[in-house]
Amino acid sequence: MSNTTLFLIAVVVIMLAAVPVAMMLKDFLPRLLERSAGLDQLENRIYVLHAESHDLQNRVQSLTQRRNGQATERNRLETDIRKAEKQIRDLAALPPLFVHELGDPQAGLTKFVVTISQEKASAAARAAGERAAVNPIWRCANVAEVWAASLEGAKQMVEVAFPFKLGFETAFERSTGRKSVPKKPMTASRAEAAS
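For the sequence shown, our numbering assigns the number 41 to the initial residue and increments by one for each residue that follows.
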């Protein structure tokens, strides 16, 4: 047999063997390609999930920091609330202070502070058997803030508002000693703190 015949026989055998291999590749090749494409998709999905996990970790860290900041703020506010409640209890335990204002706060006027009481007048009326109604505010501390140009003017204003003959006793405590535009009138808590 010649080389050409052997070559032709080899070609025929290869072709006969190639047909079943081609049929097998026809069945397996698309599945193999699909699997390799699925791996690419899985790889891409892994990258996406990795990026999302980093994003979630950053969000968790920021939320943790925010929670810690809010806990600190809550603790500070609770401390402030406890202090305010203590101040309220302390102020509630103090007897009330009534502040009477005489005159208008204006520039150039001086503020004089006067302690006022009607204790003896009510006691004398009760001792004399009178049933004179005494205003209950006189059982507590009373202060008058008098706005006047001078001490004499302040004394006159106090005598008109709280006359001695009705049993009022007055005692000038102090004056601001300056003539300026007055600030807000003193409230009961400010007057208590000042004395």
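Glycine included, each C-beta is placed from N, C-alpha and C at the ideal position.
{"query": "With the cut-off set at 9 Å, would you say G148 and V186 are in Cβ contact?", "result": "no"}
{"query": "Could you check the C-alpha separation between F313 and F208 for me, to the nearest Å?", "result": "The first residue shown for the chain is 41 and the last is 235, placing residue 313 beyond what the model contains."}
{"query": "Where DSSP assigns a beta bridge to T6, which residues make up the other side?", "result": "Absent from the structure is residue 6, since the part of the chain shown begins at 41 and ends at 235."}
{"query": "What number of angstroms, rounded off, separates the C-alpha of K126 from the C-alpha of V198?", "result": "37 Å"}
{"query": "Look at the alpha carbon of A181 and the alpha carbon of V100, and state the distance between them as a whole number of angstroms.", "result": "59 Å"}
{"query": "So what does DSSP say about F204, is it helix, strand or coil?", "result": "helix"}
{"query": "L137 by DSSP, collapsed to three states: which one?", "result": "strand"}
{"query": "Given W178, which residues of its chain have a CB within under 6 Å of its CB, disregarding the five upstream and five downstream residues?", "result": "Q158"}
{"query": "What did DSSP end up calling L142 once you bin it into helix, strand or coil?", "result": "strand"}
{"query": "So, are the CB atoms of H140 and A184 less than 9 Å apart?", "result": "yes"}
{"query": "Beta-carbon separation of F152 and F204 under 9 Å?", "result": "no"}
{"query": "Compute the distance between the beta-carbons of S188 and T150, then report whether it is under 9 Å.", "result": "Rather than Ser, the amino acid found at residue 188 in this sequence is Ala. Yes, these two residues count as a Cβ contact at 9 Å."}
{"query": "Since A188 sits in a beta bridge, which residues does DSSP pair it with?", "result": "T150"}
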